[in-house]
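Residue numbers (the UniProt record's numbering): 1 to 690.
Every residue, glycine too, gets a C-beta built ideally from N, C-alpha and C.
So the structure is just underneath, and the comments pick up after that.
Here's what the structure looks like:
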C-alpha cells in the first residue's frame, strides 16, 4: 500500500525559489512573499551583514592609513577643536555646548588657569621699558609709584602770582595740593599758546621771576591722578615674574633692562598664590575697581600676612578714590599702603614701591610734611638709592626748606657728580639765593644731560633768566629750545600756566579787550584814584611794601595790593574806599583769580629785569597816576612805550617785558589785572588761583 501523504507536513515545506538571471547575467533568487502570494526581489539579511562588515573593515584600514601615513595633521585639528572646549575636559562634547550656550557655568579651576595663562602672555609681550621702575624726580614711577615731580598731581595751582611775595614751596603746594574736591578747579586743559612770529629784537614788566620761589610744582603734577594713561603706564610694571625672552629683544633694550631691573614684589609664599593675586589685579587693570577692592580684601582676609595682597588692596582703594573723587577713600588707601610696607617678609622692591606711592598721594592731599617723613624713611631704608634722595630734595623744596634741599643735592652730587636731576635743582636753589653766576653751569649741565626730570619749563625759564641777567645773549637760545620742547608758547611768551587757544599778542587796545566800560571808568576817575593813593603813600603807613620777587636789578619799587587772586587783600580797601568802590562792579577785574589789583610806585634809578608773568589767562592794565615827563618806559616784546597820566596801557604780561625808571622823581601807576576776554565763564570759575 502506498504511504499516505501527510498534507499537513507538506503544507509546511519550504518552496525553493526559482533562480532567475538578471540583465547582467547574475543569478538572483526570487523570494516568494509569504501570505501575500506576490514575489519581489531584494537582499537577504546575510548579505546585508556581509556588506556592513566590508565597509567597517575599509573604515578601519583607512584610519590606520591616515595615522601611519600622516595624511591628516591631527594636532592642528585637535587644536582647533580645543577652542570649543569650554569645560576644560580636553574634548568638545555636549557639556561644552551647554557652557557655550550659557546653560552651564565654566568651572572655577578653568577660569583661574586661563587667568594665569593670560597673565603669562601679557608679561612676555610687555615692552621691557615698561617693566622698569621709574625712580626719577617724581614724574615717573612704576605701578606702585606715583609720579612725583611731574608732579602729577596735587590738584592745583599753577603758579604763584608774579607780584605777590614768592615764598618757597609751601604756598605753591598749599593751593596745588588740592585733593579731589579742589581738583575740580583745574578741569580746563592748560597748554602753551601758538603765537604769530615776533621780531627778534624784543624784551619784558611785572614778571614772575621764581628766583625767590625756588620750586613750584608744575601743572603736570596737578593733573596726574586724573590721567588714566599715566596710571596704566605705571601699572604695566606690576607683572612680577615674567622677564620675557632675552633672545627676542633688541640689544639696546637688553642693556636698558640690565641697567634697571624689574621689581620683585612677591615673596616666596606669595608665588604660590600668584594666580589668585593676578586674577584680582586683572580686575583692577580692567577698571573694575569695586570688584578689585572686594577681591583683594578677600585675599587679605585669607592671607593677612601677605604684603603683596595688601599692597594690591591699597592700589585698588587708590583707584576707587580717584573714581569716586573721595578723599576719605584715599585716606584708606594711605593707611593700607602703610600696613603693606610694615608687614614682615615684604620684599625690598615692594617696600620701596609702596612707600613711594604713599608719599606721592600724601603730596596730592597737600600733606607735604607727611610725604617728607615717608621719603625720609625710604632714604633710611635705601641709603644708596640716589633717585630717592632726589625725591627727598624735592619734598624739602615743597615745604620751603631750601637749606635742607640744598644739603640733599650736595650729597647726591658728591656721589653722583653727573646726575642731571640733582644739578638742575641745585642750580635752581642757587638762583633763588641770588647766586646768579654760580647757578648757570648747574642749570645748563643738568638740562644738557637729558636725564629724566630735567626737561622742565622752569629750568629753561631760570637758565635763560640767569643768562640775561649776566648779559649773555645765549639766553634766547635756551628760550628757543624751551619753546621747541613745548614748554613756552614762543621765545617771548614764556608763561608756564596757560589755557590753549587764547588770542596772543603783546599789546592790546581797550576795544580789543571788550572791557571798554572799565577802561572809561578808570580814566574818568583817575584823579580820585591818584589822590587816595597819595594819601597812603607815606612810608609811615606801611601800606606800600617792597617788591620781593627779585625782579629788580637796582632801585626801589613798592606795591600796595587791594585784590589778590580774586579776593580783597585784608583791610586794604578801608584806606582807599573810593577806588575800591569804583571797581566793585567789574568782576572781570575783582574776580580775576589769576591776577591782582594794586598801586605801584617806582623810585628814580630803578631797573626791572626782563621777565614774564606766570599765565596767559590775564591781561594787565596800567593807569598812569603820577608820571614824570621823561625817563620812564616799559618794553613788551620789541615795542617800548611810556605811560601818560589818566590813560590806560594794556598788555599781556605773559610776554617778556622790562621797565626803566630814569626820571628825577617817582612814578606812580594803578595796576588792574583782568581775565583774558576769550575765557569762558566756566573757565573763569574753575581755573585755579595764581
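Taking the continuous beta strand (DSSP E) assigned at residue i, which residues delimit it?
i: residue 449; result: Here residue 449 belongs to no beta strand (DSSP E); instead the alpha helix (DSSP H) covers 436–449.
i: residue 658; result: 657–661
i: residue 432; result: Counting along the chain, residue 432 falls outside any beta strand (DSSP E), though it belongs to the alpha helix (DSSP H) covering 420–432.
On the DSSP bridge assignment, give the partners of residue i in chain order.
i: residue 546; result: 558
i: residue 770; result: What the structure shows of the chain is the stretch from 1 to 690, and residue 770 is not part of that stretch, so it cannot be assessed.
i: residue 602; result: 557, 667
i: residue 645; result: 624
i: residue 639; result: 636
i: residue 651; result: 507, 620
Out of curiosity, what's the CA-to-CA distance linking residue i and residue j?
i: residue 532; j: residue 420; result: 52 Å
i: residue 513; j: residue 442; result: 42 Å
i: residue 283; j: residue 332; result: 19 Å
i: residue 672; j: residue 690; result: 15 Å
i: residue 429; j: residue 406; result: 7 Å
i: residue 262; j: residue 349; result: 9 Å
i: residue 677; j: residue 484; result: 27 Å
i: residue 574; j: residue 563; result: 12 Å
i: residue 404; j: residue 315; result: 31 Å
i: residue 684; j: residue 279; result: 45 Å
i: residue 303; j: residue 384; result: 32 Å
i: residue 389; j: residue 341; result: 19 Å
i: residue 49; j: residue 60; result: 17 Å
i: residue 426; j: residue 530; result: 44 Å
i: residue 569; j: residue 561; result: 7 Å
i: residue 165; j: residue 545; result: Bear in mind that the predicted position of residue 165 carries a pLDDT of just 34, short of 50, making it too unreliable to give a figure here.
i: residue 364; j: residue 370; result: 11 Å
i: residue 317; j: residue 343; result: 18 Å
i: residue 631; j: residue 651; result: 20 Å
i: residue 615; j: residue 495; result: 5 Å
i: residue 307; j: residue 325; result: 26 Å
i: residue 491; j: residue 361; result: 35 Å
i: residue 305; j: residue 274; result: 15 Å
i: residue 608; j: residue 549; result: 11 Å
i: residue 658; j: residue 466; result: 15 Å
i: residue 394; j: residue 401; result: 10 Å
Check residue i in the structure and name its three-state DSSP category.
i: residue 53; result: helix
i: residue 408; result: helix
i: residue 278; result: helix
i: residue 614; result: coil
i: residue 512; result: helix
i: residue 273; result: coil
i: residue 568; result: strand
i: residue 552; result: strand
i: residue 493; result: strand
i: residue 399; result: coil
i: residue 296; result: helix
i: residue 689; result: coil
i: residue 596; result: strand
i: residue 379; result: helix
i: residue 536; result: coil
i: residue 574; result: helix
i: residue 483; result: helix
i: residue 289; result: helix
i: residue 499; result: coil
For residue i, count the other beta carbons within 10 Å of its own beta carbon; 16 or more makes it buried, fewer makes it exposed. Which is it?
i: residue 62; result: exposed
i: residue 269; result: exposed
i: residue 200; result: Any reading at residue 200 is ruled out, since the residue's pLDDT is 34, under 50, leaving its predicted position unreliable.
i: residue 664; result: exposed
i: residue 538; result: exposed
i: residue 281; result: buried
i: residue 682; result: exposed
i: residue 610; result: buried
i: residue 380; result: exposed
i: residue 301; result: exposed
i: residue 506; result: buried
i: residue 612; result: buried
i: residue 687; result: buried
Span of the alpha helix (DSSP H) holding residue i?
i: residue 523; result: 516–524
i: residue 691; result: Nothing in the structure corresponds to residue 691, since the chain is present only between 1 and 690.
i: residue 263; result: Segment: none, residue 263 is in no alpha helix (DSSP H) and carries neither H nor E.
i: residue 585; result: Per DSSP, residue 585 belongs to no alpha helix (DSSP H) and is neither H nor E.
i: residue 416; result: Per DSSP, residue 416 belongs to no alpha helix (DSSP H) and is neither H nor E.
Are there any heavy atoms of the ligand FAD lying less than 7 Å away from the beta-carbon of residue i, as far as the coordinates show?
i: residue 305; result: Absence of the ligand FAD is noted for the structure shown, with no ligands found whatsoever.
Does residue i have its Cβ less than 8 Å from a Cβ in chain C?
i: residue 396; result: The structure shown contains no chain C, having only a single protein chain.
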